[in-house]
Amino acid sequence: METRPEMFCYQCQETAKGTGCTLRGVCGKLPETSGRMDLLLYATRGVAILNDLLREHGASSREADHQVIDALFTTITNANFSNDSLDGFIRRAFQVKDELKAKCAELGIAVPDAPEVALEAGPEDYKALEEVTGVLAEPDPDKRGLKQLAIYGAKGAAAYARHAANLKYEDDEVYAYIEKVLKEVSRTDITVDELLKTVLYMGEGGVKAMALLDSANTGRYGNPEITKVDIGTRINPGILISGHDLHDLEELLEQTIGTGVDVYTHSEMLPGQYYPYFKKYPHFAGNYGNAWWKQLDEFEKFNGCFVFTSNCIVPPRKTTTYTDRVYTLGVVDMPGTHHIEADAEGHHDFSEVIERAKTCAPPVAIEHGEIVGGFAHHQVIELAPKIVDLVKRGKIRKFVVMAGCDGRFPQRDYYTKFAEALPEDCVILTAGCAKYRYNKLPLGDIEGVPRVLDAGQCNDSYSLVRIAMALKDAFGVESINDLPLVFNIAWYEQKAVIVLLALLYLGVQNIHTGPTLPAFFTPDILKVLQEKFNIGTISTVENDIDLLINN
Ligand code: SF4
Ligand code: SF3
-7 METRPEMFCY QCQETAKGTG CTLRGVCGKL PETSGRMDLL LYATRGVAIL
43 NDLLREHGAS SREADHQVID ALFTTITNAN FSNDSLDGFI RRAFQVKDEL
93 KAKCAELGIA VPDAPEVALE AGPEDYKALE EVTGVLAEPD PDKRGLKQLA
143 IYGAKGAAAY ARHAANLKYE DDEVYAYIEK VLKEVSRTDI TVDELLKTVL
193 YMGEGGVKAM ALLDSANTGR YGNPEITKVD IGTRINPGIL ISGHDLHDLE
243 ELLEQTIGTG VDVYTHSEML PGQYYPYFKK YPHFAGNYGN AWWKQLDEFE
293 KFNGCFVFTS NCIVPPRKTT TYTDRVYTLG VVDMPGTHHI EADAEGHHDF
343 SEVIERAKTC APPVAIEHGE IVGGFAHHQV IELAPKIVDL VKRGKIRKFV
393 VMAGCDGRFP QRDYYTKFAE ALPEDCVILT AGCAKYRYNK LPLGDIEGVP
443 RVLDAGQCND SYSLVRIAMA LKDAFGVESI NDLPLVFNIA WYEQKAVIVL
493 LALLYLGVQN IHTGPTLPAF FTPDILKVLQ EKFNIGTIST VENDIDLLIN
543 N
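Just so we're aligned: the sequence shown equals residues -7 to 543 in my numbering.
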């Protein structure tokens, strides 16, 4: 009999051998962490089944909604490496599940007969339960792949819902999508066809989650506007804030006023620079460094403190010197770092980070100059008449959506080379940390319109959809697929998965995704996605320029 692997995870693009991490994660995740995550997600599916049922009776629990999104978010790639923290999440899941069962009993609602609902366990049971809770528990590879695709989409949507909730923007519908999807993937009798529908249903929920977060971010901080961002350094000590949560950025900027400590953005926090609201802080410095995977080298030169508001945090090397100056918030945690808990109102007290930063040397510049961004939907739609005119005069031939993630794979060089090889009458629309592969190239502009238009974070892919819709109206065509617009998307983690599902739900055809296809796409799943959406992967720069641009 085949022996069971130590762990099994294939949720990200860097999964071992392109098939699955079985001994330890390429990301650094250990089997004892992976097993805990499996148990957490299993218990959370029980919570989702119960809360979905209670919702039908008008009695769903907001606490359960929060438990569900936080559990999904904390199991996203590069968010939580702490077993102690995960044990807390597991205990919370079982506790919430018990509360929902009690609520059902109180209301006379029969509790569904599902093992995810029935299971009573604690964090210490994770290993014994792996056969039941793990990804491989679903024996059919196609169903397993589709179930996980839906779950990964749910993780991305949950992350966006959490950022919105931190700004007090919540929508019961978004929680309902996520919980229904978790309920569906728990069914043992579900068919492949039903799973495909579930996957697209998650895509629909993803559009709503991204729209909600867009309302939260722009409602609170204004519409992103064209902004030049300094990529050098100043003379004060600094705090580098990473991740996606703008509420955390606001609190950090407020609490550092007059302290002599500057605040820099990192990776996916760069778009924080584009919001008008944050421009009033004189100590809000520029953006330091590049995409997440370069942090182990780049952070050594920053000298100050680091605040992680979401993924992507990278476990230290033996030689790493800054771990003790890393502070994690929310669902992020890693041994050796400090975790700052939010109070009951969701506020964080950064005084310890600020005091520590004051004792640090100022950052050493690793780059100089400026980058330009802030091309979210409001700003681009303002520019629409000019853009339409440029297209009509043949100055812009094609828009290439190059949203998504960056990662360590050397093949990702492709994206730099692809951007360089694009004919000069093509414009890149980007969002997410994929942009770091080409946002510092001298690609120039077309009559004042930069050839790289950065809408913001991966969730701002929603902006790209809004822009595409506006262009569709401006050109009077029937569908986004009729526009001079192509999609060449880079993926790494599960936020890119929800972006992809959202695009598929919106009917976008011919999406290229890379640098490799997901391990959870079995040949049969890929065949269906090709038939329905003509989805493809990258080949060589020359071939893809021919395929996407020249025909
Ligand atoms: Fe492997 Fe990616 Fe899972 Fe980490 S998140 S264990 S690298 S598949
Ligand atoms: Fe980046 Fe981790 Fe995906 Fe938000 S921060 S896009 S990889």
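By construction, the Cβ of each residue, glycine as well, lies at the ideal position given by its N, Cα and C atoms.
Only a predicted model underlies this, so the values are computations on that prediction, with no experimental measurement involved.
### Query
Since Pro263 contacts Gly365 with CB under 8 Å, what's their CB separation in whole angstroms?
On the sequence shown, position 271 is the one that residue 263 refers to. On the sequence shown, position 373 is the one that residue 365 refers to. Indeed they touch by this definition, with Cβ atoms about 7 Å apart.
### Query
How about Ser455 and Ala376: are their beta carbons less than 7 Å apart?
Counted from its first residue, the sequence shown places residue 455 at position 463. Counted from its first residue, the sequence shown places residue 376 at position 384. Not closer than 7 Å, so no.
### Query
Any heavy atom of the ligand SF4 closer than 6 Å to the CB of Gly211?
For the purposes of this step, residue 211 is taken as the residue at position 219 of the sequence shown. The answer is no for Gly211.
### Message
Ignoring anything shorter than 3 residues, give me the beta strand (DSSP E) runs that lie fully in the stretch 57 to 138, in order along the chain.
### Response
none
### Query
Quick one: what's got a C-beta closer than 8 Å to Met(-7)'s C-beta in the same chain, skipping five residues either side?
Residue -7 sits at position 1 when you count from the first residue of the sequence shown. Note on Met(-7): pLDDT 49, under 50, position unreliable in the model; the coordinate value appears next. Residues of the same chain with their beta carbon placed closer than 8 Å to that of Met(-7) are lacking, with the five preceding and five following residues left out of the count.
### Query
When the Cα of Pro115 is compared with those of Ile517, Asp30, Ile182 and His275, which residue comes out closest?
Numbered from 1 along the sequence shown, position 123 holds the residue referred to as residue 115. Comparing Cα positions, the closest option is Asp30.
### Message
Does the beta-carbon of Trp285, which I'm using as the reference point, lie nearer than 6 Å to any heavy atom of the ligand SF3?
### Response
What you label residue 285 is simply residue 293 of the sequence shown in a count that begins at 1. No; taking the cut-off as 6 Å, the Cβ of Trp285 has no heavy atom of the ligand SF3 nearer than that.
### Task
Entirely within the stretch 182 to 257 and at least 3 residues each: give me those beta strand (DSSP E) ranges in chain order.
219 to 222, 230 to 234 and 254 to 257
### Task
Below 8 Å on the Cβ atoms is my guess for Gly148 versus Val444; work out the distance and round it to an integer in Å.
If you number the sequence shown from 1, residue 148 lands on position 156. If you number the sequence shown from 1, residue 444 lands on position 452. Not a contact, Cβ separation roughly 24 Å.
### Query
Does the separation of the CB atoms of Pro308 and Thr301 fall below 7 Å?
Taking the sequence shown and counting its residues from 1, one reaches residue 308 at position 316. Taking the sequence shown and counting its residues from 1, one reaches residue 301 at position 309. Their beta carbons are not under 7 Å apart, which means Pro308 does not touch Thr301 by this criterion.
#### Entry: Val60 and Ala40 closer than 7 Å at C-beta
As a working mapping, residue 60 is identified with position 68 in the sequence shown. As a working mapping, residue 40 is identified with position 48 in the sequence shown. When the beta-carbon positions are compared, Val60 and Ala40 come within less than 7 Å of each other.
### Query
Hey, is Glu112's beta-carbon within less than 7 Å of any beta-carbon in chain B?
The structure shown has no chain B; it contains just one protein chain.
### Query
If you draw a straight line from the alpha carbon of Arg400 to that of Phe525, how long is it in whole angstroms?
Numbered from 1 along the sequence shown, position 408 holds the residue referred to as residue 400. Numbered from 1 along the sequence shown, position 533 holds the residue referred to as residue 525. Computed Cα separation, rounded: 28 Å.
### Message
Quick check: what's the CA-CA separation for Gly250 versus Asn228?
### Response
For the purposes of this step, residue 250 is taken as residue 258 along the sequence shown, with counting starting at 1. For the purposes of this step, residue 228 is taken as residue 236 along the sequence shown, with counting starting at 1. Using only the alpha carbons, I get a separation of about 12 Å.
### Query
Are the beta-carbon atoms of Cys4 and Ser26 separated by less than 7 Å?
Along the sequence shown, read from residue 1 onward, the residue named residue 4 stands at position 12. Along the sequence shown, read from residue 1 onward, the residue named residue 26 stands at position 34. Taking 7 Å as the Cβ cut-off, Cys4 and Ser26 do not qualify as a contacting pair.
### Task
Return helix, strand or coil for Phe513, following the three-state DSSP convention.
As a working mapping, residue 513 is identified with position 521 in the sequence shown. Phe513 falls in the coil class under three-state DSSP.
### Query
Is Pro23 buried or exposed, if buried means 16 or more other CB atoms sit within 10 Å of its CB?
As a working note, residue 23 is residue 31 in the sequence shown. In this structure Pro23 is buried. Its beta-carbon is surrounded by 16 or more other beta-carbon atoms within 10 angstroms.
### Task
Using 6 Å as the cut-off, classify the Cβ of Glu290 as near or not near the heavy atoms of the ligand SF3, replying yes or no.
Working through the sequence shown from its first residue, we reach residue 290 at position 298. No, Cβ of Glu290 sits at least 6 Å from all heavy atoms of the ligand SF3.
### Query
Going by beta carbon distance, what residues of the same chain come within less than 6 Å of Pro327, once the five residues before and after it are set aside?
For the purposes of this step, residue 327 is identified with residue 335 of the sequence shown, where counting begins at 1. Ser74, listed in sequence order.
### Message
Using only the alpha-carbon positions, how far apart do Arg404 and Ala494 sit?
### Response
Counted from its first residue, the sequence shown places residue 404 at position 412. Counted from its first residue, the sequence shown places residue 494 at position 502. Roughly 23 Å separates the two Cα atoms.
### Query
Since Thr514 contacts Asp134 with CB under 8 Å, what's their CB separation in whole angstroms?
Here the question's residue 514 lines up with position 522 in the sequence shown. Here the question's residue 134 lines up with position 142 in the sequence shown. That belief holds up - the Cβ atoms of Thr514 and Asp134 are roughly 5 Å apart, short of 8 Å.
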